[in-house]
Structures are given as structure tokens and as C-alpha cells.
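For reference, the structure discussed in these notes is given below.
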Amino acid sequence: MAPSAISPPRSPSPSPAITQAQMSSYLNYDHVHWYVGNAKQAAAYYIARMGFEKIAYRGLETGSRGLASYVIRCGGVTFVLTSPLRGLSMLHDVPEDEREMVKEVHAHLEMHGDAVKDVAFEVDSVDAIYDAAVEGGAVSIHAPRVIQDGKNGWVKTATIQTYGETTHTLIERQNYTGAFLPGFRLEPAVKDPLNLLLPPITLDAIDHCVGNQDWDGLEDVCAYYENALGFHRFWSVDDKTMCTEFSALKSVVMASPNEVIKMPINEPAAGKKQSQIEEYVDFYGGAGVQHVALRTKDIITAIRNLKARGMEFIKVPETYYVAMRKRLELAGMVLDEDFDVLQSLDILIDFDEGGYLLHLWLPSSPRLS
887 MAPSAISPPR SPSPSPAITQ AQMSSYLNYD HVHWYVGNAK QAAAYYIARM
937 GFEKIAYRGL ETGSRGLASY VIRCGGVTFV LTSPLRGLSM LHDVPEDERE
987 MVKEVHAHLE MHGDAVKDVA FEVDSVDAIY DAAVEGGAVS IHAPRVIQDG
1037 KNGWVKTATI QTYGETTHTL IERQNYTGAF LPGFRLEPAV KDPLNLLLPP
1087 ITLDAIDHCV GNQDWDGLED VCAYYENALG FHRFWSVDDK TMCTEFSALK
1137 SVVMASPNEV IKMPINEPAA GKKQSQIEEY VDFYGGAGVQ HVALRTKDII
1187 TAIRNLKARG MEFIKVPETY YVAMRKRLEL AGMVLDEDFD VLQSLDILID
1237 FDEGGYLLHL WLPSSPRLS
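Residue numbers (our numbering): 887 to 1255.
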């Protein structure tokens, strides 16, 4: 996870192709799109363990013969989970455009397993950001297009390539009243039975999405975000700061001009053993989204309720809290929360002179955490 000790951001240095009006067009994360082996089962997991609700669906019942997608939401966090409905030898009656998408999903799953394919941004002008991005060097996956949805209105989208096989979709909704996007069916506004029985989870937003790169890949990716998307370097750390006895990494947090979107970029650095970043790249098969961080205003209640729902988190050793208590005392940092409660829940504490941040990790796999 990107460290919480955040230095004052440097002034953005946008590409000449990007005007101030274009830079102001980022509104927020729209959603994170995952390619998974079984979208229905994955949706059930997030509903049961993290309190998400199903809000929209696309599949056989809506006319999609090759893919099934479940849109789930918890507070301000939206995930799309997509799986193929057909094997590669069974695509004869699937429309050609969807057939290519099915092939793409199969290839992505074979290479990477269940993983993030797309990090979508909501913007107020797809045309402005897309044109500036392409002029700044971005590779276009599809140019801006308007998708009509009857009386619900329309949505404009465009997609560009970022690191590895990951993409960014730009989404513009002008008074759109549909479920999610055209082609999706609104799911009944009825709480899942499990969510009626289990403690609620409140997630405010996607905080950041971390992209891991191979050796010496960080600077090129950061330059891409600067030149193509008008992002700036919000915070950075080198291997002398982010290291343990055995592992090290370099990290730069890239932020949109209004800093509502943050994309930390990591690369491995030399250590006694293989770094977690290099391990991820090896197992994943290239650069990709390592983890998605979710923000909440009340982490104590959130962690308590997530654990009550059966969610597993890393176990933090007692020595961490002994050392942290001393560090806080020496720095004169006073927490609003009860330190003993934080320790009992294994919540981690990052701080600097500007304040502190509380966070906790799910157990990681080499491909995704």
C-alpha cells in the first residue's frame, strides 16, 4: 500500500497538449473492472464478505451471448466482474464484436488469472481528455463513442492503454438515468439476505489503485501519466526509504490535477531477496494493478464488521505496536482512536508531521492483494 506520509505536492507540469480546462475534467474513479473465472461466484463473495450489493447485470438475459458481467457497489465503491460464458470453440453464434471481447477475456484469464483489467475514470469531457491523451502519446483502444440507451439518455466512453495490459476507460454521463451503462439491466433494489443479517460495511470511495512495474519501468509510466493524462507527482520514495532487510522498492504516486484520482506506481529495487514487486510481476506475467485501496471514515467499525463477516486480514506482530507507541510518543503525535483498540484489530499506523493514516491489508497472493 502506498505510504501515508505525504509530502506537499509539487506543482503540476502538464504537457503542452493539455490545457487547464482539459485537466479539470477528472471527476472521480468510476469503477474497477475485473476479468474473473466466475463472475457470479466472485460477486457473491464480495456481497457476503464485504457488504456489496448487486446493482446491474449483463448476460444471456440481456442479449449478451458471450459474456456475463455483474456490477456490485458498496457505498462509493463500484466493481464490475466479467466472465466468459462460452469456450473459444463455441463462439459461432456470438456476434463478431462480442466474440473478440470473449477472446480477450479468455486470454487475460489464461495469462493473469482473476485480475483488474480496467480502471475507469468519470470525466466531464471524454473528448477533451481523450484528444489530449492521444496527442500526449497514449495508445487508443477505442475512440470516443456515444452509446444511446433509449429514454435513459446516453453515455460517452473512450479507452486508452496504460501499463501492461491494463486500460483506462473514460466515462461521461450527461443526465444519464440508466442502471450503470447502456446494455446493463437494473437489479432489484432489494438487499441481499446476507446483508440483512450481517453487520453493515461503509466504504466511501476508491482511495488509490497501485500499479506494479518491472525493473526500470517506473519512470516511463510516470512520464506517460504526466504527458498523456496531465497527472503530476504527488509523492515519491526511493529504495533507501521503502526497504526492509531483505526487500526494497521505489514508488511514485501520480495524481490527477485536482488530486481526486491517485495512481501509485511501484518498481522493484535491489535487496537481499526478491522484492514483493518483482514477485508480483513474475507471477502476474508483467505490469498490472497490484491492489485497490478502499477508503472509509471509520476504520475501526469497518474492520470489526468485516471480521464479523468472515473477512481475513494480515496478523501484525506485537513488536510493531511496541515500537509504534514509542515513535508516536517521541513525535508528540496524539491519535483520536484508542491505541489498544487499533492493536487488537491489527490496524497499521502511518504518520508524519501532517497527520496520520490508519490502514490494514488483506492477505496477499503473488498476483493481487
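We treat Cβ as the ideally placed atom computed from N, Cα and C, and that holds for glycine.
For Pro-1203, count neighbouring C-beta atoms within 10 Å of its own C-beta (all shown protein chains included) and say buried if the count is 16 or more, exposed if not. As a first step, residue 1203 must be located in the sequence shown, where it is residue number 317. Here Pro-1203 is exposed: its Cβ has fewer than 16 other Cβ atoms, across all protein chains shown, within 10 Å.
Which of helix, strand or coil DSSP assigns to Lys-1126: Mapped onto the sequence shown, residue 1126 falls at position 240. Caution is warranted here: a pLDDT of 44 is assigned to Lys-1126, below 50, making its placement in the model unreliable, and the coordinate value is therefore given only provisionally. In the displayed model, Lys-1126 falls within coil according to three-state DSSP, outside both helix and strand.
Assuming the contact rule is C-beta atoms closer than 8 Å, Gly-1064 and Asp-1035 should be a hit. Round their C-beta distance to whole Å, please. Counting from one through the sequence shown, the residue named residue 1064 turns up at place 178. Counting from one through the sequence shown, the residue named residue 1035 turns up at place 149. Indeed they touch by this definition, with Cβ atoms about 5 Å apart.
Uninterrupted beta strand (DSSP E) stretches inside the stretch 905-993 (no shorter than 3 residues): If only uninterrupted beta strand (DSSP E) runs of at least 3 residues are considered, those enclosed by the stretch 905-993 are 912-921, 939-944, 953-960, 963-970.
Only counting the same chain, and skipping five residues up and downstream in sequence, which positions put a Cβ closer than 8 Å to that of Pro-895? Position 9 of the sequence shown holds residue 895. With a pLDDT of only 37 at Pro-895, under the threshold of 50, the placement of this residue in the model should not be trusted; the figure read from the coordinates follows. If the five residues before and after Pro-895 are omitted, its C-beta is found closer than 8 Å to the C-beta atoms of His-1118, Arg-1119, Phe-1120, Trp-1121, Ala-1141, Glu-1145, all from its own chain and listed in chain order.
Classify Asp-1004: buried if its beta carbon has 16 or more other beta carbons within 10 angstroms, exposed otherwise. For this step, residue 1004 is matched to residue 118 along the sequence shown. With 16 or more Cβ atoms within 10 Å of its Cβ, Asp-1004 is classed as buried.
Whose C-beta lies closer than 8 Å to the C-beta of Trp-1101 among residues of the same chain, with five residues either side of it excluded? The sequence position of residue 1101 within the sequence shown is 215, counting from 1. Correct list, in chain order: Glu-1153, Pro-1154, Glu-1164.
Identify, in the order they occur along the chain, each residue of the same chain with its Cβ nearer than 6 Å to the Cβ of Leu-946, setting aside the five sequence neighbours on each side. Residue mapping note: residue 946 aligns to position 60 of the sequence shown, counting from 1. Close CB contacts of Leu-946 within its chain, under the 6 Å cut and outside five residues either way in sequence, are absent.
Kindly indicate which three-state DSSP category Tyr-1170 falls into: helix, strand or coil? Locating residue 1170 in the sequence shown gives position 284, where the first residue counts as 1. For Tyr-1170, the three-state secondary structure derived from DSSP is helix.
Exposure of Leu-1244, with buried meaning 16 or more beta-carbon neighbours within 10 Å: As a working mapping, residue 1244 is identified with position 358 in the sequence shown. Leu-1244 should be labelled buried.
Three Cβ pairs or more, each shorter than 8 Å: is that satisfied between the stretch 919-936 and the stretch 986-1002? Under the Cβ criterion (8 Å, minimum of three pairs), the stretch 919-936 counts as touching the stretch 986-1002.
Between Ala-1075, Lys-1212, Val-1138, which has its C-alpha nearest Gly-1097's C-alpha? Counting from 1 along the sequence shown, the entry for residue 1097 is found at position 211. Gly-1097 has its Cα closest to that of Val-1138, out of Ala-1075, Lys-1212, Val-1138.
Can you find the residues in the same chain that come closer than 7 Å, C-beta to C-beta, to Val-1227, ignoring five residues on each side of it along the sequence? As a working mapping, residue 1227 is identified with position 341 in the sequence shown. Only residues of its own chain outside the window of five on either side were considered, and among them Ile-1186 have a CB closer than 7 Å to the CB of Val-1227, listed in chain order.
Which value, in whole angstroms, describes the spacing of the CA atoms of Ala-1179 and Pro-1150? As a position in the sequence shown, residue 1179 is number 293, starting the count at 1. As a position in the sequence shown, residue 1150 is number 264, starting the count at 1. Taking the straight line joining both Cα atoms gives about 11 Å.
In the stretch 1177-1240, which residue ranges form an unbroken alpha helix (DSSP H) of at least 4 residues, counting only runs that do not cross its ends? With a minimum length of 4 residues, the continuous alpha helix (DSSP H) runs that stay inside the stretch 1177-1240 are 1185-1194, 1204-1217, 1225-1230.
Best match in Tyr-931, Gly-1050, Ala-1044, Asp-1090 for proximity to Val-1167 [C-alpha to C-alpha]: Mapped onto the sequence shown, residue 1167 falls at position 281. If we check each option's Cα against that of Val-1167, Gly-1050 comes out closest.
Given this structure, state the Cα-to-Cα distance separating Lys-1042 from Gly-973, to the nearest angstrom. Residue mapping note: residue 1042 aligns to position 156 of the sequence shown, counting from 1. Residue mapping note: residue 973 aligns to position 87 of the sequence shown, counting from 1. Distance between the alpha carbons of Lys-1042 and Gly-973 is about 31 Å.
8 Å Cβ shell around Leu-1248 - same chain, five flanking residues per side excluded: The count along the sequence shown starts at 1 and reaches residue 1248 at position 362. Residues Met-1197, Glu-1198, Phe-1199, Ile-1200, Ser-1255 of the same chain have their beta carbon placed closer than 8 Å to that of Leu-1248, with the five preceding and five following residues left out of the count.
Burial state of Pro-1143, where buried means 16 or more other Cβ atoms lie within 10 Å: Walking along the sequence shown from the start, residue 1143 turns up at place 257. With 16 or more other Cβ atoms inside 10 Å of its own Cβ, Pro-1143 counts as buried.
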